[in-house]
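A short write-up of the structure that comes next.
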Amino acid sequence: MKRCLAISGTFVPANEPMTQLVYKQLRRLPFEMEVCALRYWEEDATVGNRLEQDDHYRNFHVHWVDDYRKVLFSIRNVNLPSALHHMQKYIDTAVSMYDGQEYIYTSSFPCYTVRAGMRIKEKNPAVKWIANFTDPINHSPYKVSDKETYRAYSLPEKIAFRLYCRYYVVDEDEINALENADLLLFICPEQREFMLRQYELYTHRIPVDEIRAKSVIVPLNYVPEWNTLESLRDEAHAGFLLSHYGRVYGLRIIEEFIYAMRMFLDRHPDFPLVFEQYGEFRKSDRKLMEKLSLQDHVRIHEKIPYEACLQKMKASDAVLIFDTILPEDEIQPYLPSKVIEYSLLQKNTLAITTKTSPTWRIMQESGALAASYDRNDILSKLELLCLGSTPSVIHYASTDEEAVQDLLDRIGALND
2 MKRCLAISGT
12 FVPANEPMTQ
22 LVYKQLRRLP
32 FEMEVCALRY
42 WEEDATVGNR
52 LEQDDHYRNF
62 HVHWVDDYRK
72 VLFSIRNVNL
82 PSALHHMQKY
92 IDTAVSMYDG
102 QEYIYTSSFP
112 CYTVRAGMRI
122 KEKNPAVKWI
132 ANFTDPINHS
142 PYKVSDKETY
152 RAYSLPEKIA
162 FRLYCRYYVV
172 DEDEINALEN
182 ADLLLFICPE
192 QREFMLRQYE
202 LYTHRIPVDE
212 IRAKSVIVPL
222 NYVPEWNTLE
232 SLRDEAHAGF
242 LLSHYGRVYG
252 LRIIEEFIYA
262 MRMFLDRHPD
272 FPLVFEQYGE
282 FRKSDRKLME
292 KLSLQDHVRI
302 HEKIPYEACL
312 QKMKASDAVL
322 IFDTILPEDE
332 IQPYLPSKVI
342 EYSLLQKNTL
352 AITTKTSPTW
362 RIMQESGALA
372 ASYDRNDILS
382 KLELLCLGST
392 PSVIHYASTD
402 EEAVQDLLDR
412 IGALND
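If you count the sequence shown from 1, position 316 lands on 317 in my numbering, and the numbers rise without skipping.
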């Protein structure tokens with residue numbers, strides 16, 4: 002069995018979308034895996050129990066370098082000198098862990114995994130570098146398009162954001178991976194085309210077709226052995242429960258949904274609509290809901306563990322996707338990970354999205370409800386969702402084995 006050094010930032014049993022994605026990409030690869038990881042402070046016992054029973058996990062040897070909190074720098078965690086020190090410690094440790102493995106794997110975010118991969122590749126050109134991208138970095142919309150959030154920052158927050166972009170979300174990291182890695186992994190075609198467009202516009206040191214030829218689409222997927230949906234129970238609740246899971250921040254704007262909800266209740270005053278949010282939520286959205294007298298119809302919760310999240314999804318009458326909202330003439334490169342759970346649970350779903358988004362494409366292919374970011378369109382789709390009789394179910398569910406088949410074929414070709 003060939004060996005691979007996986008430089009992933011955080012790793013399971015942390016229950017974060019990026020760590021779950023990384024493990025499901027690596028789980029079926031025919032490698033002995035040495036993993037250079039940062040310990041996440043919110044480990045999920047459910048995920049840990051699954052790993053203990055997972056035969057594939059026996060091929061993973063995880064070296065915990067540091068605590069992720071020590072490396073993290075943000076506008077709420079302003080500790081730059083210490084964070085940079087611990088970041089460099091992680092990079093140096095990852096480089097020192099390379100001892101002749103045939104493959105290395107990096108996953109951005111965090112971008113500094115790419116810096117370690119680049120150092121290893123420069124010293125060892127024969128190593129096969131697999132670079133996974135969870136989100137765009139080079140001219141990311143969250144860096145260049147989210148002007149409203151930036152304007153709302155205080156001066157110290159603005160400074161912290163600029164430092165974050167300079168040291169943590171670095172365009173050159175993505176460019177180095179695109180140019181030097183042997184295989185490039187993308188979640189969906191829209192993500193790939195957005196990133197190649199930024200490269201073509203701002204760098205273009207090598208032909209874009211050369212980069213595209215190295216690319217593999219590895220869709221979001223699930224582990225069948227971990228599928229515990231049959232254990233989920235139906236829960237009695239009052240009203241029509243409409244729920245959303247995940248952060249509402251930055252370009253994931255929902256003001257038009259809030260106004261549409263008010264319009265729906267004005268039009269259907271006896272309909273018992275209840276909206277539940279799990280995860281980060283903007284203060285401005287809370288204030289708008291209060292201004293529109295929606296308090297009796299809204300419940301805001303903190304993030305909950307994965308198994309509890311599935312249970313809440315199961316109990317809901319319908320679920321929501323709040324997509325990143327960009328101008329209609331721009332490719333929207335982000336695909337929310339919750340589409341997998343919604344699909345497996347066969348939940349009626351409404352996505353508020355844009356026509357250039359992978360979510361819009363998947364909803365259209367599924368015959369499910371997608372609304373543009375317009376309160377009147379959202380209102381009409383809410384009425385279909387809550388009052389209609391036609392299912393609005395996402396059909397998007399690859400197993401991890403199916404998802405990595407193209408990757409396995411490409412790895413085989415690298416060895417020929």
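Idealized CB from N, CA, C, for every residue including glycine.
For clarity, every value in this text was computed on a predicted model and none was experimentally measured.
**Q.** Buried or exposed (CB count within 10 angstroms, at least 16 for buried), Ser358
**A.** Here residue 358 is taken as the residue at index 357 of the sequence shown, counted from 1. So Ser358 counts as buried.
Q. Can you give the Cα-Cα distance for Ser390 and Arg51, rounded to whole angstroms?
A. Working through the sequence shown from its first residue, we reach residue 390 at position 389. Working through the sequence shown from its first residue, we reach residue 51 at position 50. Going from the Cα of Ser390 to the Cα of Arg51 covers about 37 Å.
(Q) For Glu403 and Gln296, I'd like the C-alpha separation in whole angstroms. (A) Position 402 of the sequence shown holds residue 403. Position 295 of the sequence shown holds residue 296. One alpha carbon belongs to Glu403, the other to Gln296, and they sit about 44 Å apart.
Q. Grouping DSSP H, G and I as helix and E and B as strand, with all else coil, what is Gln92?
A. Looking up residue 92 in the sequence shown gives position 91. Note that residue 92 is Ile in the sequence shown, not Gln. Three-state result, Ile92: helix.
Q. Where Leu311 and Thr11 are concerned, what is the direct C-alpha to C-alpha distance, given to the nearest angstrom?
A. As a working note, residue 311 is residue 310 in the sequence shown. As a working note, residue 11 is residue 10 in the sequence shown. Taking the straight line from one Cα to the other gives about 22 Å.
(Q) Checking 9 Å against the spacing of the C-beta atoms, do Met98 and Cys37 come in under that value? (A) Position 97 of the sequence shown holds residue 98. Position 36 of the sequence shown holds residue 37. Inclusion of Met98 and Cys37 in the CB contact set at 9 Å is warranted, their separation being smaller than that value.
**Q.** Met364 versus Met19 - alpha carbon distance
**A.** Counting from one through the sequence shown, the residue named residue 364 turns up at place 363. Counting from one through the sequence shown, the residue named residue 19 turns up at place 18. Their backbone Cα atoms lie some 23 Å apart in a straight line.
Q: Return the CA-CA distance between Met88 and Pro337, expressed in angstroms with no decimal places.
A: Counting from one through the sequence shown, the residue named residue 88 turns up at place 87. Counting from one through the sequence shown, the residue named residue 337 turns up at place 336. Each residue's Cα considered, the two are about 27 Å apart.
Q: Quick one: which unbroken alpha helix (DSSP H) runs of 4-plus residues sit fully inside the region 290 to 375? Chain order, please.
A: Along the region 290 to 375, the alpha helix (DSSP H) occurs as fully enclosed runs of 4 or more residues at 307 to 316, 339 to 346, 359 to 367, listed in sequence order.
**Q.** CA nearest to the CA of Glu33, picked from Leu383, Glu366, Tyr151, Arg59
**A.** Sequence index remark: in the sequence shown, residue 33 carries index 32 (1-based). Per the Cα distances, Arg59.
(Q) Taking a contact to mean a Cβ-Cβ separation below 9 Å, would you say Val128 touches Ile105 in this structure? (A) Translated into the one-based positions of the sequence shown, residue 128 becomes position 127. Translated into the one-based positions of the sequence shown, residue 105 becomes position 104. Going by C-beta atoms, Val128 is nearer than 9 Å to Ile105.
Q.
Along the chain, where does the beta strand (DSSP E) containing Met34 start, and where does it finish?
A. By 1-based counting over the sequence shown, the position of residue 34 is 33. Run containing Met34: 32 to 40, per the beta strand (DSSP E) assignment.
Q: For His238, collect the residues of the same chain with a Cβ closer than 7 Å to its Cβ; drop the 5 residues on either side in sequence, then sort them by chain order.
A: Numbered from its first residue, the sequence shown carries residue 238 at position 237. Around His238: Ala316.
Q) Given Val63, which residues of its chain have a CB within under 7 Å of its CB, disregarding the five upstream and five downstream residues? A) In the sequence shown, residue 63 corresponds to position 62, counting from 1. Shown here for Val63: same chain residues with a beta carbon closer than 7 Å to its own, the five before and five after excluded, namely Phe12, Val36, Ala38 in chain order.
Q: For the beta strand (DSSP E) containing Arg28, list its first residue and its last residue.
A: The residue labelled residue 28 in the question sits at position 27 within the sequence shown. Note, Arg28: premise wrong, no beta strand (DSSP E); not H, not E.
Q: Compare the C-alpha of Asn228 against each of Ser399, Tyr41, Ala182 and name the closest.
A: Indexing the sequence shown from 1 puts residue 228 at position 227. Looking at Ser399, Tyr41, Ala182, the one whose alpha-carbon comes closest to that of Asn228 is Ser399.
Q.
Quick check: Leu164 and Leu73, are their CB atoms within less than 9 Å of each other?
A. Translated into positions along the sequence shown, residue 164 becomes position 163. Translated into positions along the sequence shown, residue 73 becomes position 72. Between Leu164 and Leu73, the gap from beta carbon to beta carbon reaches 9 Å or more.
Q) Run through DSSP, which three-state label would Gly10 get? A) The residue given as residue 10 occupies position 9 in the sequence shown. Strand, per DSSP.
Q | Whole-Å CB distance - Phe276 paired with His298, under 8 Å assumed | A | On the sequence shown, position 275 is the one that residue 276 refers to. On the sequence shown, position 297 is the one that residue 298 refers to. Confirmed, about 6 Å.
Q) Among Lys124, Val170, Trp130, which one has its Cα closest to the Cα of Val145? A) On the sequence shown, position 144 is the one that residue 145 refers to. Ranked by Cα distance from Val145, the first of Lys124, Val170, Trp130 is Val170.
Q: Assign His245 to one of two classes, buried (16 or more other C-beta atoms within 10 Å of its C-beta) or exposed (fewer than that).
A: Working through the sequence shown from its first residue, we reach residue 245 at position 244. Burial call: buried.
Q: Report buried or exposed for Asp147, applying the criterion of at least 16 other Cβ atoms within 10 angstroms of its Cβ.
A: For the purposes of this step, residue 147 is taken as residue 146 along the sequence shown, with counting starting at 1. In summary, Asp147 is buried, with 16 or more beta-carbon neighbours lying within 10 Å of its beta-carbon over all protein chains present.
Q | Distance between Gln21 and Val405 (C-alpha atoms, nearest Å) | A | Within the sequence shown, residue 405 is the residue found at index 404, counting from 1. Within the sequence shown, residue 21 is the residue found at index 20, counting from 1. Val405 and Gln21 have their C-alpha atoms roughly 14 Å apart.
Q. Is the distance from the Cβ of Ala319 to the Cβ of Leu386 below 9 Å?
A. Position 318 of the sequence shown holds residue 319. Position 385 of the sequence shown holds residue 386. One thing to note: Ala319 has its Cβ within 9 Å of the Cβ of Leu386.
Q: Starting from Asp67, follow the beta strand (DSSP E) in both directions and report where the run begins and ends.
A: To locate residue 67, count along the sequence shown from 1; it is residue 66. Per DSSP, Asp67 is one residue of the beta strand (DSSP E) stretching across 61 to 68.
Q.
Considering only the alpha carbon of each residue, which of Ala261, Leu221, Arg198 lies closest to Asn133?
A. For the purposes of this step, residue 133 is identified with residue 132 of the sequence shown, where counting begins at 1. Closest in C-alpha terms to Asn133, from the list Ala261, Leu221, Arg198, comes Leu221.
Q) Ala132 lies in the beta strand (DSSP E); which residues open and close that run? A) Here the question's residue 132 lines up with position 131 in the sequence shown. Here the beta strand (DSSP E) through Ala132 covers 129 to 134.
**Q.** Runs of alpha helix (DSSP H) lying entirely within the region 195 to 257, each at least 4 residues, in chain order
**A.** Within the region 195 to 257, the complete alpha helix (DSSP H) runs of at least 4 residues are 209 to 214.
**Q.** Runs of alpha helix (DSSP H) wholly within the region 260 to 292 (minimum 4 residues, chain order)
**A.** Within the region 260 to 292, the complete alpha helix (DSSP H) runs of at least 4 residues are 284 to 292.
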